[in-house]
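> This structure is in structure tokens; I'll ask about it shortly.
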Amino acid sequence: MICNLLCQAAKPNADGKRGRFIVIEGIDGCGKTTQVKLLKKRIMAEGGYAFTTSEPTCKASHAPTRAGALLSSVLKGKTKLPDSAIAGLFLTDRILHNTDGHLGINALLARGSDVICTRYYYSSLVYQGTPELFDWVFEANFNCPDIRTPDVCIFLDIDPKVSHGRVMGRHTKAEIYEQNTEMLVKARAKYLNAFEKVKAAFPEQRIEFVDASRGIEEIADDIYKIVNSIEI
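Laid out in structure tokens, this is it:
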């Protein structure tokens, strides 16, 4: 398993350039998983290398960090922790996700592989950024030297009512952040607020919105155009 994961992103690009770091964000049920798979398939089909990962790392196809493993229990509602502790776990998971020597984001990019990450620090502003913790979560994540800035964040925007129908159509138990339409409406509003604050503080950050209510292939085409416009 680990060998297969390493092999999919092990070969450097012929020109020696680092890979592109792409983050896909969106409320639950917007189609992130489908679009990440399609993007990776397209990059690989055109001779590139792509590695897909997720945050928290307990949702990734590779082994999670220690913090990510604990977050799995938290997200399923099995472990209760203070909001500050949960935010700290996400931060720790993210730092380790960046700095791991084998499957870390930095190591993969240095080998020339594109890295496509489902959720990143924008999600922390939405889901861990309570009114009392927002400023701390913002400062800790966006000013941490061990947390890399993405080349682009692509936000899949969709009506929360539509996304909730998709979530309820899954044959799995909803997590603590995706239990009803109201929560998804609030999450979308928080995303918009978070992006506004990020752009105000870091105008160089590239955040792109894609209408996720359309057909799968149409969405995929827009995402691929955005990714291909990245200059390294």
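Once you know that position 104 of the sequence shown is 219 in the working numbering, the rest is easy, because the numbers rise by one and skip nothing.
Here a beta-carbon is modelled for each residue, glycine too, at the ideal position from N, C-alpha and C.
Given the structure is predicted, the values throughout are model-derived calculations rather than measurements.
1) Taking the C-alpha atoms as reference points, what is the distance between residue 246 and residue 135?
2) With a threshold of 6 Å on Cβ separation, who are the neighbours of residue 322 within its own chain once the five nearest residues in sequence on each side are excluded?
3) For residue 232, write down the residues that DSSP places opposite it in a beta bridge.
4) Using only CA atoms, which one of 140, 182, 320, 276 lies nearest to residue 266?
5) Report the start-end ranges of each beta strand (DSSP E) in the region 213 to 281 that is 3 residues or longer and not cut off at the edges.
6) Please return the same chain residues whose Cβ sits closer than 6 Å to the Cβ of residue 233, not counting the five positions on each side in sequence.
7) Apply the 10 Å Cβ neighbour rule to residue 344 and answer buried if 16 or more other Cβ atoms are within range, or exposed otherwise.
8) Where residue 209 and residue 333 are concerned, what is the direct C-alpha to C-alpha distance, given to the nearest angstrom?
9) Roughly how many whole angstroms lie between the Cα atoms of residue 161 and residue 347?
10) Assuming residue 338 and residue 154 are in contact, meaning their beta carbons sit under 8 Å apart, how far apart are those beta carbons, in whole angstroms?
11) Going by the C-beta, is residue 158 closer than 6 Å to any heavy atom of the ligand SAM?
12) So the alpha helix (DSSP H) residue 336 belongs to, where does it begin and stop?
13) What does DSSP give as the partner residues of residue 323 in its beta bridges?
14) Tell me whether residue 106 sits in a helix, a strand or coil according to DSSP, three-state version.
15) In three-state DSSP terms, what is residue 116?
16) Are the Cβ atoms of residue 173 and residue 327 separated by less than 7 Å?
17) Residues in its own chain within less than 7 Å of residue 200 by CB, not counting five upstream and five downstream?
18) Report buried or exposed for residue 275, applying the criterion of at least 16 other Cβ atoms within 10 angstroms of its Cβ.
19) Taking C-alpha atoms, which residue in 133, 258, 142 lies nearest to residue 87?
20) Residue range of the alpha helix (DSSP H) that residue 133 falls in?
The short version:
1) Looking up residue 246 in the sequence shown gives position 131. Looking up residue 135 in the sequence shown gives position 20. Going by the C-alpha atoms only, they are around 33 Å apart.
2) For the purposes of this step, residue 322 is taken as residue 207 along the sequence shown, with counting starting at 1. Once the five neighbours on either side are set aside, the close Cβ partners of residue 322 are 268, 310.
3) Start at 1 with the first residue of the sequence shown, and residue 232 comes out as number 117. 138, 168, per the DSSP bridge assignment.
4) To locate residue 266, count along the sequence shown from 1; it is residue 151. That would be 320, whose Cα lies nearest to the Cα of residue 266.
5) For the region 213 to 281, whole beta strand (DSSP E) runs of length 3 or above, ordered along the chain, are 229 to 233, 267 to 272.
6) Counting from 1 along the sequence shown, the entry for residue 233 is found at position 118. For residue 233, where only same-chain residues beyond five positions count, the Cβ hits under 6 Å are 139, 147, 151, 169.
7) By 1-based counting over the sequence shown, the position of residue 344 is 229. It is exposed - the Cβ of residue 344 has fewer than 16 other Cβ atoms within 10 Å.
8) Within the sequence shown, residue 209 is the residue found at index 94, counting from 1. Within the sequence shown, residue 333 is the residue found at index 218, counting from 1. Cα-Cα distance, rounded: 31 Å.
9) Here residue 161 is taken as the residue at index 46 of the sequence shown, counted from 1. Here residue 347 is taken as the residue at index 232 of the sequence shown, counted from 1. In a straight line, the C-alpha of residue 161 is about 18 Å away from that of residue 347.
10) Here the question's residue 338 lines up with position 223 in the sequence shown. Here the question's residue 154 lines up with position 39 in the sequence shown. Contact flag correct, Cβ pair sits at about 6 Å.
11) As presented, the structure is devoid of all ligands, the ligand SAM included, so that no description of it is given.
12) Taking the first residue of the sequence shown as 1, we reach residue 336 at position 221. For residue 336, the enclosing alpha helix (DSSP H) covers residues 331 to 343.
13) Along the sequence shown, one-based indexing puts residue 323 at 208. The partner list for residue 323 (beta bridge, DSSP) reads 269.
14) Not covered by the structure: residue 106. The range shown for the chain is 116 to 347.
15) Looking up residue 116 in the sequence shown gives position 1. The pLDDT assigned to residue 116 is 40, lower than 50, so where the model puts this residue is not dependable; a value taken from the coordinates is nonetheless given after this. Residue 116: coil per DSSP, three-state reduction.
16) Taking the first residue of the sequence shown as position 1, residue 173 is located at position 58. Taking the first residue of the sequence shown as position 1, residue 327 is located at position 212. Cβ atoms of residue 173 and residue 327: not closer than 7 Å.
17) Position 85 of the sequence shown, counted from the start, is the residue given in the question as residue 200. Within the same chain, no Cβ atom closer than 7 Å to the Cβ of residue 200 is found once the five residues on either side in sequence are excluded.
18) Counting from one through the sequence shown, the residue named residue 275 turns up at place 160. Residue 275 should be labelled buried.
19) In the structure as shown, the chain begins at 116 and stops at 347. Residue 87 is therefore absent and cannot be evaluated.
20) Within the sequence shown, numbered from 1, the residue matching residue 133 stands at position 18. Residue 133 -> no alpha helix (DSSP H), and no H or E assigned at all.
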